[in-house]
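Numbering (our numbering), first residue to last: 244 to 404.
Backbone N, C-alpha and C fix where the C-beta goes; we use that ideal spot for every residue, glycine too.
Note that the structure is predicted; figures quoted are calculated from it, not measured.
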């Protein structure tokens with residue numbers, strides 16, 4: 244499950260934890276029907292809170308990854324955590340090494356990331372985090388017969404018949 248990965252933002256881990264608690268308590272079809280709506284409501288609430296000032300804190304958006312090699316060895320491709328590490332290194336003049344943990348947030352600027360220490364809540368790329376949430380819960384929703392469009396409030400065609 245993608246919500247269990249170490250590079251998953253905290254708000255997604257919390258959401259997933261809430262969903263698994265609800266699922267754990269289901270013992271019959273009646274409880275499932277009630278729980279199904281709770282699950283939809285939780286995901287919808289979190290989806291709508293992304294990027295809002297009264298939604299999540301900056302720390303809830305943090306993604307942390309380990310540098311697998313020295314920064315100068317990333318030549319062909321530049322993963323997001325490496326971009327953030329290079330920005331941090333340029334600002335602090337502190338040399339980052341293989342094994343260092345880089346904490347960053349996804350941003351709307353041209354680079355796409357900022358080290359958490361330099362980012363503001365306004366920098367958060369809401370669209371990117373909504374996609375991360377969608378990817379984290381989609382497998383669970385599929386198993387429950389819930390489409391992500393239903394979470395977003397888009398009715399299925401068969402609900403009209």
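- Judged by pairs of C-beta atoms under 8 Å, the segment 315-325 does not touch the segment 284-300, as fewer than three such pairs exist.
- Where residue 308 is concerned, the enclosing beta strand (DSSP E) starts and stops at 306-309.
- Closest by C-alpha distance to residue 339, out of 262, 392, 313 and 348, is 313.
- Relative to residue 364, the option among 355, 279 and 300 whose CA is nearest is 300.
- A straight line joining the alpha-carbon of residue 333 with that of residue 302 spans about 22 Å.
- DSSP places residue 346 in the strand class (E or B) of the three-state scheme.
- For residue 326, the uninterrupted alpha helix (DSSP H) run begins and ends at 323-335, by DSSP.
- Ranked by how close their Cα comes to the Cα of residue 264, the residues 250, 281 and 354 have 281 in first place.
- Nearest Cα to residue 294 within the set 351, 309 and 329: 351.
- Judged by DSSP in its simplified three-state form, residue 354 adopts coil rather than helix or strand.
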